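Protein chains in written order, with the working numbering: chain A, 25 to 280; chain B, 25 to 280; chain C, 25 to 280; chain D, 25 to 280. Presented below is the structure to which this report refers.
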């Protein structure tokens, strides 16, 4: 039943690439077609992202668990360490670079599709206390959503719920909710609507890591290990995982 | 199986805070980015709220039942009194202040994320017979939706259905459907798009309570107790409750 | 298990009233807030209608089957006559007037909520061959959707699918898809965005009835009776019917 | 249990006609009502298409498998050849012309509904390396989505997932994601928002076929045959196929 690590890493790379292509590509399209209202641009960008993200999770879920995000992989590793049910360290070491490489590739793909130079550097400064708070809040919520679903045996809802979460967080967090270090790095490689200046990346990533920690604590508080955790079931093929499918079938994600 | 009351109250507080942060935060973002069309602002605000509310119910549901609304808690208490299946009075006394405190905290969080003073007073007057009728209609419908789902064993649909209900009610009720006394109080603490002047709060809350009463009567008429009520099932982990998960597993919400 | 006819008729009345209040109310709100772009108004109106319609079907489904539409009730009667599984004539005689009365009440409610005279007459002419063709196409599709779901045992998907169908048909049919004689009559009672001049009503209704007939033929062609029909199941409480719930539990909707 | 080929071909024709009527019709409506913002037009067009496509798959699924796309039929034939579980060559020969004829009929229907000449020729040039890359990417993703769902036993999610995929791909691919040779031909028959000049069709179709090939390879890599494939189940009536329902019940779509 186990999916080979190479294939899982490839799915993380391809999935994250598609996610960033969705974010960057729809941003370029929106900015070109709706130049007179930034809110309308963000509406178009956020709807495309919410729907596209859900689809990527549907497709990558059974292969790699559809982490697509270093914070999710790190939280899975950390929360599952005690019970040996989380992502092992050596798999974490394969997931993280695959996510970052995929994110950069996705930005390049979007650039080329829209006739821009494949590699560019964003000039868009994104910094300030309000934005960093926004990133921390957005990432904390994301971790709580993902592991709350897993620990209550509802990971098959993850595509719709995570898509809705990010789509809403584009609007209610001040930073438009990057909430993903790999995607943040990838978005530095495009000089378009969704870009972020390289100089703004480190603080965003730091805020995301801090938020991820807060989110992991919230998981432990609200969904203590062992209560209603994801377990194997006859309808396995029907389940959408955000942690690797093969491990989920064995022992759930209820570590911590 | 029972979730401790303290954790449930914490979930009500955190859930209502997130809900108000979504409503207020997306309102600020919309007003800043789409200044030339109020309808577009409301569209952005309502879509973010519908999606965000659904996610909050998904996450808080298994912990506290995701009431997030004093009218829902009161209706649960009232409709379940006779059969002793509703929220007990002492738990109601914990839920209500948690919801109000959370709502205020959520408005403050949104204010700070967007660089506004943490505590403010809304200057936006919202009053008039048409608006009060709108609030009563919106709240009556909400109660019928929530308890109609519970009494027909479909509470796991609550996130999507309640999200869709509120998203639509932003548009078809004249008051944009606050439908929640705690959220109404919280929205008085921001001087932005989603705010409401403190002087307009009492009449809104009164209309909501009146509407909640009408809704409870409609529940009794259309979904008499004991018919198709929520009951325990093997797929418990899969169920999203709008009443506390532990009680639901024992005896359903079919009181009244 | 059978729901009394009086309660079912009341649910049809209240459900159709809510549906028309959603259509008319969101049209008024959209026209007031987005006066500079008719497309944006229709977008707001159609999104609110799609979501609101889905919720109304969720709530009214287990009570009356959530027909909310004379064409659906007539098709249920006609398609189920031979096998005695459709709506009996005497129940049809209760459903139709309840739907029309509810539609008028819903328009009045919306008018009052938004500070307009309770009863008004629309001045909006809607006529022409293209529009009538649009109504026929829209209604044929609606009948095929509703009974195709019922005959393949998927009526619990009706809320989402019918909501999505009508939301899309606002755009791709030239008439914005009224597709409902009761709703058409109700919309003559408001002088606002969603109104229709009384003189335009008869041709719209005729086109809808013709389309309903085409749709019923399509049902018989693509979903012949007895194949995969809706039948009773242990998860009855979970099923959303568009035909009365009690009959569905007995013998399905597979007549014709 | 087997659905006659003639009825399945009729469903492919009617389904593809409806899909193109949705795309073209909503494009005309959007361009007429929102003339001042092309992005808003595309938003209206893409939302209507996503919702309408999902509904068409729901309705046509149990009859023909709801391919509605020559690339999907070709991929089903190719991926299922070795195990004799794919679409047989003689059925492929019925599906393809039905899809193309339906697409042309759908464009004509939309033209007539909106008062345009039934048959027209689009003057809208769509060409260039970026657009062709966009079409290849969009089609590759579509094939991976459709067969990834089938091979993991989740085809009943196809309506929502494929609708979301295409709705997002309108925005993040530079070509607005035609991703369907039959629909591309049909859209040459309208001189409106969604049209494509006949001279631009061949390169678009070539890019789609190339993308389809890439997608089929991705299916084999990420979802190797036999792992979690669609199989018969008691809830057959509940399953939405994108391959013919009768074959699915017999041996799944796990060929390749």
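Virtual Cβ for every residue (Gly too), placed ideally from N, Cα, C. Note that this is a predicted model, so its numbers are computed, not measured.
query	result
Residue 31 (chain C) at chain B interface by Cβ criterion, 8 Å	yes
Proximity test, Cβ basis, 8 Å: residue 188 (chain D) and chain A	yes
Best match in C:70, C:74, C:93 for proximity to residue 236 (chain C) [C-alpha to C-alpha]	C:93
As assigned by DSSP and simplified to three states, the class of residue 150 (chain D)	coil
Cβ-based burial, residue 149 (chain C) [other Cβ within 10 Å; buried from 16]	exposed
Residues near residue 155 (chain A) in its chain [Cβ-Cβ closer than 6 Å; skip 5 each side]	198, 199
Beta carbon of residue 37 (chain D) nearer than 8 Å to that of residue 243 (chain D)	no
Candidates C:57, C:119, C:129, of which the one nearest residue 212 (chain C) by Cα	C:129
Span separating the alpha-carbon of residue 95 (chain B) from that of residue 162 (chain B)	12 Å
Beta-carbon separation (whole angstroms), residue 218 (chain D) vs residue 48 (chain D), contact threshold 8 Å	5 Å
Contacting positions in the stretch 58 to 69 of chain D - beta carbon closer than 9 Å to chain C	58, 59, 60, 61, 64, 65, 67, 68, 69
Three CB pairs or more closer than 8 Å across the stretch 109 to 117 of chain B and the stretch 130 to 144 of chain A	no
8 Å contact criterion, which residue 172 (chain C) and residue 247 (chain C) should meet: CB distance rounded	5 Å
Residue 127 (chain B) classed as buried or exposed, judged by whether at least 16 other C-beta atoms fall within 10 angstroms	buried
Chain-ordered neighbours of residue 181 (chain D) on chain A, where CB pairs are closer than 8 Å	82
Neighbourhood of residue 210 (chain D) by C-beta distance below 7 Å, restricted to the same chain and skipping five residues each side	44, 127, 128, 130, 131
Reduced DSSP secondary structure (H/G/I, E/B, other) of residue 33 (chain C)	helix
Beta-carbon proximity list for residue 137 (chain C), same chain, < 7 Å, skipping 5 on both sides	49
CB contact below 8 Å: residue 246 (chain A) versus chain B	yes
Reduced DSSP category for residue 257 (chain A) - H, G, I as helix; E, B as strand; rest coil	Low confidence applies here, because residue 257 (chain A) scores a pLDDT of 35, under 50, leaving its location unreliable and the question unanswered by this model.
Members of the stretch 133 to 153 of chain C that neighbour chain B once the beta carbon cut-off is set at 8 Å	133, 134, 136, 137, 138, 139
Min CB distance residue 192 (chain B) to chain C below 8 Å	yes
Chain B residues whose Cβ lies nearer than 9 Å to that of residue 282 (chain C)	Coverage of chain C is limited to positions 25 through 280, which leaves residue 282 (chain C) absent and any answer about it impossible.
For residue 205 (chain B), the nearest candidate out of B:146, B:67, B:135, B:227 (CA to CA)	B:227
Contacts of residue 235 (chain B) in chain A (Cβ-Cβ under 9 Å)	Under the 9 Å cutoff, chain A gives no residues; its nearest Cβ is about 26 Å from residue 235 (chain B).
Straight-line gap, residue 78 (chain C) to residue 187 (chain C) (C-alpha atoms, nearest Å)	5 Å
Neighbour-count burial assignment, residue 259 (chain D), 16 or more Cβ in a 10 Å radius	The predicted position of residue 259 (chain D) is uncertain, since its pLDDT is 33 and thus under 50; a value taken from the coordinates is nonetheless stated next. Residue 259 (chain D) is exposed by the Cβ-count criterion.
Where residue 62 (chain B) falls: helix, strand or coil (DSSP)	helix
Whole-angstrom distance between residue 107 (chain B) and residue 107 (chain A), CA atom to CA atom	42 Å
Sequence-distant residues of the same chain with beta carbon closer than 6 Å to residue 224 (chain C), five excluded per side	149, 150, 151
Residues of the stretch 157 to 173 of chain A whose Cβ lies closer than 8 Å to any Cβ of chain B, in chain order	157, 158, 161, 165, 168, 169, 172, 173
Which of helix, strand or coil DSSP assigns to residue 100 (chain B)	helix
Proximal chain D residues relative to residue 49 (chain A), where beta-carbon distance stays under 8 Å	195, 196, 197, 198
Whole-angstrom distance between residue 70 (chain D) and residue 192 (chain D), CA atom to CA atom	8 Å
Exposed unless 16 or more other CB atoms sit within 10 angstroms - verdict on residue 73 (chain C)	buried
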